[in-house]
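A short worksheet on the structure shown next.
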Amino acid sequence: MTTLLWLQTGSCGGDTMSILCADSPSVEELVDQYGIEFLWQPSLSAEPKKHLDTVLDAILEDRLALDILCVEGSIMTGPNGSGMYDPYRGRSKMSLIRQLAEKAGYLVAMGTCAAYGGVHAAPPNPTDCLGLQFDKQAPGGLLPVDWRSRRGLPVVNISGCPAHPNAMTKTLAMLAAGLPLELDHLNRPKAFFNTMVHQGCTRTEYHEYDVEDELFGGKGCMFFNLGCKGPVTMAICNSELWNGRGSKTRAGVPCFGCTSPDFPSDHDLFRTEKIGPIPVNLPLGVERANYMAYKSLAHEAAPERVLNKTMDP
Amino acid sequence: MSRRTIQIEMNRVEGDLDFQLEMEDNIVVDARCIGTLYRGFEQIMLGRKPTDALVITPRICGICGTAQLNAAVLALEHAGRIAVPPNAVRIRNLCLMAETVQSDLRQSFLFFTADFCHPKYLSRPFYDKALAAFQPFKGSVHRGALENSRHIVEIVALFGGQWPHSSYMLPGGVTTPANSRHIIDSLSILNKLTRWFEQTVIGTDLDVWLDLQSAEQFFAWLTEKPAHDESATGLLTQISREIGLQYLGFGTPHMLSYGAYDDPRYAGTFTQHKQRLFKAGFLNGETGIVEAFDQAKITEHVRYAWFQPYPGGLHPFQGQTVPDYQPHSDRYTWCKAPRYQDKVVQTGPLADALIDGEPLIRSLYQAEGGNAWLRQFARLRRTAKLLRTMRDTLHELSADLDEPHMLPPATKDIPDGEGFGLVTAARGGLGHWLQIADGAISRYQVVTPTAWNASPKDSAGRHGHWESSLIGMRVDDPDDPVEIGHIIRSHDPCLVCTVHILDSGKRLTLWP
Ligand code: SF4
Ligand code: SF4
Chain A
1 MTTLLWLQTG SCGGDTMSIL CADSPSVEEL VDQYGIEFLW QPSLSAEPKK
51 HLDTVLDAIL EDRLALDILC VEGSIMTGPN GSGMYDPYRG RSKMSLIRQL
101 AEKAGYLVAM GTCAAYGGVH AAPPNPTDCL GLQFDKQAPG GLLPVDWRSR
151 RGLPVVNISG CPAHPNAMTK TLAMLAAGLP LELDHLNRPK AFFNTMVHQG
201 CTRTEYHEYD VEDELFGGKG CMFFNLGCKG PVTMAICNSE LWNGRGSKTR
251 AGVPCFGCTS PDFPSDHDLF RTEKIGPIPV NLPLGVERAN YMAYKSLAHE
301 AAPERVLNKT MDP
Chain B
1001 MSRRTIQIEM NRVEGDLDFQ LEMEDNIVVD ARCIGTLYRG FEQIMLGRKP
1051 TDALVITPRI CGICGTAQLN AAVLALEHAG RIAVPPNAVR IRNLCLMAET
1101 VQSDLRQSFL FFTADFCHPK YLSRPFYDKA LAAFQPFKGS VHRGALENSR
1151 HIVEIVALFG GQWPHSSYML PGGVTTPANS RHIIDSLSIL NKLTRWFEQT
1201 VIGTDLDVWL DLQSAEQFFA WLTEKPAHDE SATGLLTQIS REIGLQYLGF
1251 GTPHMLSYGA YDDPRYAGTF TQHKQRLFKA GFLNGETGIV EAFDQAKITE
1301 HVRYAWFQPY PGGLHPFQGQ TVPDYQPHSD RYTWCKAPRY QDKVVQTGPL
1351 ADALIDGEPL IRSLYQAEGG NAWLRQFARL RRTAKLLRTM RDTLHELSAD
1401 LDEPHMLPPA TKDIPDGEGF GLVTAARGGL GHWLQIADGA ISRYQVVTPT
1451 AWNASPKDSA GRHGHWESSL IGMRVDDPDD PVEIGHIIRS HDPCLVCTVH
1501 ILDSGKRLTL WP
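Those protein sequences? They're chains A and B, same order as listed.
Per our numbering, residue 1 is the first one in the first sequence, and the count goes up by one each step.
Per our numbering, residue 1001 is the first one in the second sequence, and the count goes up by one each step.
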């Protein structure tokens, strides 16, 4: 039996809606097959809300072991550091989470808001949001950099806006099954954050030959002109499809890099910033000079079918 | 006479929702619907590129992001006088309908019917049936709803890449055309859901069900065959009526609908007022007449909300959203008080059906009024309608697969000016109003469906719809006021853009 408590802080509920869409494993499977007991989940619990208080008291008084604490939403510290933009029973959720974190076997940030601050922390950050252990890119959020949960991990960041359904359920299943969880430099499980969105995008045929779209609604690559962050974003969107069916880039929507700490960026989200004809941010780890040489060669080599965009994405 | 204050907190709603009720001898004499979560979306939008609204505003709500996206894109298209081709409208409609079906199934069978398993009803004859059908994670209908609500949004993923939160509607159309694979995939998703809906939710054929036109026909149908009264809708109806939900939860008689789903036949040229498949209007509860809808008659008040005060109400184009948190004043919420023609209105599936003239819902309304059961029933009635409309939409799409899915706007940037986008989300009328100056957003105001329903008092001291639907009501056990849960949940509360808590009086909790 693995006990799990899910709290919502400043959120849109999208990670809860997203996890309901998980199919491998599904939420029911977490309960039936992985022995996860939801002590509380705001949308799924049938118990009275009073039950939440009983549970919280029991955890805080060490009468009930809390194996996994999931937090969905930004940690709001405003107004004036009080946290009262997001209160619970007359106190801030911020302080409640701080207390509960000390009791949790693992603390999991569900979504970019809980991980790094997310959309609510976009400028001017009206509610003074942070993530659990990051403040945007900067290490250290609600909890200090060297904080570790009872089982010895930092906050596990399943980032994404919302987090990918199966990345959430698989992480929970791994924790429940006692499988090792290796994290990257942003404390995201490598199993889901060691793949670029660009890998597996069905438009890479166009990217490869430098055939770029200027307008939306086409078949080409969206990297040079339309804001796609697929080549700089770690996420499984194109290797484990959303809702079993698609991904943004497959549907012709640029990747906005929603798993990254700086999501949402504050310049035009549908444009790519460029120096001359080449994007400012190149595919992860690529040298500018090499990239330019490769691109002009690639365009030369492009077959007709790609130049004429006859291939479906 | 004993007077006391009780505090009610609800789960199984989107976001947190609290009520503070004044009770006198088990009668609710005053009610405050409280929203304390403030997120500041309208401030985040300021200074951004107008099209950024297509990425930021869907994140207002995890359960209706497609509707938020649609409101944002319509507002941009309004500002830029941009037309979209018929197929774009069809694809948008299809995805909006899929999102609404998802929401209505989850609201009905994950959130609403779970209350029938409350121990209060243990000795009632329906109790065992309620458990078998509606018990979370165990009941057959609960599990079926989990499964099927998950599948229907795959249609959004086919066209938009993912659900929730995608940005595939852009000024001028949608990012991807429908191809024959999408059509077959969508039909197969829809077929499976329709089969489950027929077998489990209505116990009959979709067409037979939709042919029911009057209260008499409906009640005759209910007892006609075991499959009917044993269906989820049959069970929901009987239990609701046995516990008296047809006598409760009326609230304001005024109703508002923006109309739903742009009519593709009128797409192609820009029009200020959209022709819609389901009609817009204002049902004046005093006269019973459906009047033409005019967005200019919408205002928002902040007298009892934590925003910098201004007198009276302001239209969203003049709207101000400056937070001013004053927990120890007579102001009590982060929700503004929207009014139409200065009247308190409700919005949602019941309002939509009545204003559109849906015969069965009208007939039931004439017989018993806009009660809690009918509100919930109207939602499931809508699911049936949408399943049929989705099928029609797919057939229309497949007849015209080569037609364009996007008409690139004449100018790359949305020009300075203003625009609004009005849509019907699962919970009712949703509106975005934006102004653009020097190429950047200078004002953005969102009025959510829940803002209409969960509204606090306005500057004239008039209670919002939920508040007024509770006032005067009798609560058997103020320490466990199940009735309130039924009534509020029949409105499908979605509080992520609003609501939480206050600290006074005795705190009581709603089960479940
Ligand atoms: S659209 Fe984006 S993810 Fe796809 S190939 Fe181009 S850059 Fe890569
Ligand atoms: S494709 Fe990019 S923006 Fe879309 S969900 Fe994946 S990481 Fe986020």
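Backbone N, C-alpha and C fix where the C-beta goes; we use that ideal spot for every residue, glycine too.
It should be emphasised that the depicted structure is a prediction, and the values quoted were computed from it without experimental measurement.
Give the residues whose C-beta lies closer than 6 Å to at least one heavy atom of ligand 1, in chain order. With the cut-off at 6 Å, the residues found are A:V197, A:H198, A:C201, A:R203, A:T204, A:H207, A:C221, A:M222, A:F223, A:C228, A:G230, A:P231, A:T249 and A:C255.
Length of the line joining the Cα atoms of A:R288 and A:I275: 11 Å
Taking 8 Å as the threshold (beta carbon to beta carbon), is B:R1039 in contact with chain A? At least one beta carbon of chain A lies nearer than 8 Å to the beta carbon of B:R1039.
Identify the contact partners of A:D86 in chain B, using a Cβ-Cβ distance below 7 Å as the criterion. Neighbours of A:D86 on chain B, chain order: L1037.
Run through DSSP, which three-state label would B:Y977 get? As shown, chain B starts at 1001 and ends at 1512. That puts residue 977 of chain B outside it, with no answer to give.
I'd like to know whether the C-beta atoms of B:A1178 and B:N1087 end up nearer to each other than 8 Å. yes
Counting pairs of beta carbons, one from the segment 25 to 38 of chain A and one from the segment 1049 to 1062 of chain B, are three or more of them closer than 8 Å? No, the segment 25 to 38 of chain A is not in contact with the segment 1049 to 1062 of chain B.
Do we get a CB-CB distance below 8 Å when we pair B:R1090 with the residues of chain A? no
List the endpoints of the continuous alpha helix (DSSP H) containing B:S1442. Looking at the DSSP string, B:S1442 is not in any alpha helix (DSSP H); the run it does join, the beta strand (DSSP E), is A1440 to V1447.
First and last residue of the uninterrupted alpha helix (DSSP H) at B:G1234: A1232 to E1242
Cutoff 8 Å: B:C1061 Cβ touching any chain A Cβ: When Cβ-Cβ separations below 8 Å define contact, B:C1061 makes contact with chain A.
Go through the segment 1022 to 1047 of chain B residue by residue and report every complete run of the beta strand (DSSP E) that reaches 3 residues or more, in order. Within the segment 1022 to 1047 of chain B, the complete beta strand (DSSP E) segments at least 3 residues long are 1027 to 1034, listed from N- to C-terminus.
Give the residues from the segment 1312 to 1328 of chain B that approach chain A closer than 8 Å (Cβ to any Cβ), ordered along the chain. P1323, Y1325 and P1327
Examine the Cβ distances between the segment 1410 to 1417 of chain B and the segment 1284 to 1299 of chain B and report whether three or more of them are shorter than 8 Å. no
Any idea what DSSP makes of A:N157, helix, strand or coil? strand
The segment 1153 to 1170 of chain B: positions lying closer than 8 Å to chain A by Cβ: V1153, E1154, V1156, A1157, L1158, F1159, G1160, G1161, Q1162, W1163, P1164, H1165, S1166, S1167, Y1168 and L1170
Residue from B:H1328, B:P1327, B:G1312 and B:R1241 whose Cα sits closest to the Cα of B:Q1341: Comparing Cα positions, the closest option is B:G1312.
Rounded separation between A:N243 and B:L1386 - CA only: Taking the straight line joining both Cα atoms gives about 21 Å.
Which residues, taken in chain order from the segment 1119 to 1151 of chain B, show a beta carbon closer than 9 Å to some beta carbon of chain A? Cβ contacts with chain A come from Q1135, P1136, F1137, R1143, L1146, E1147, S1149, R1150 and H1151.
Residues of chain A with CB closer than 8 Å to the CB of B:T1175, please, in chain order. Within chain A, the C-beta atoms nearer than 8 Å to that of B:T1175 come from F216, G217, A251, G252 and V253, in chain order.
Chain-ordered chain B contacts of A:K248 [CB-CB under 7 Å]: G1161, Q1162 and S1166
Are the C-beta of A:E212 and some C-beta of chain B separated by less than 8 Å? no
Local conformation of A:C129 per DSSP, three classes: strand
Please indicate yes or no: does the CB of B:F1159 lie closer than 7 Å to some heavy atom of ligand 3? Looking for ligand 3 in the displayed structure turns up nothing; the ligands present are ligand 1 and ligand 2.
Suppose contacts are defined by Cβ-Cβ distances below 8 Å. Is A:V108 in contact with A:I59 by that definition? no
Rounded to whole angstroms, how far is the Cβ of B:S1468 from the Cβ of B:T1333, which I believe are closer than 8 Å? Wrong, their Cβ atoms sit about 15 Å apart, outside the cutoff.
B:Q1366 versus A:S95 - alpha carbon distance: 51 Å
A:A101 (DSSP reduced to helix, strand or coil): Looking at A:A101 - three-state DSSP - the assignment turns out to be helix.
To the nearest angstrom, how far is it from the Cα of A:K229 to the Cα of A:H207? Taking the straight line from one Cα to the other gives about 13 Å.
Could you check the C-alpha separation between B:D1207 and B:V1345 for me, to the nearest Å? Looking at the two C-alpha atoms, the distance is approximately 32 Å.
DSSP on A:E214, reduced to helix/strand/coil? coil
Partners in chain B for A:T16, counting only beta-carbon separations shorter than 8 Å: By Cβ distance, chain B contributes G1062.
Taking just the CA atoms, how far does A:S247 sit from A:S237? One point to set straight first is that residue 237 of chain A is Cys, not Ser, in the sequence displayed. Distance between the alpha carbons of A:C237 and A:S247: 6 Å.
Is it the case that the segment 1196 to 1210 of chain B contacts the segment 1169 to 1185 of chain B, given that we only count it when at least three CB pairs across the two stretches are under 8 Å? no
Three-state secondary structure assigned by DSSP to B:H1432: strand
Tell me whether the segment 1347 to 1365 of chain B and the segment 1281 to 1294 of chain B touch, counting them as touching only if at least three CB pairs, one residue from each stretch, are closer than 8 Å. yes
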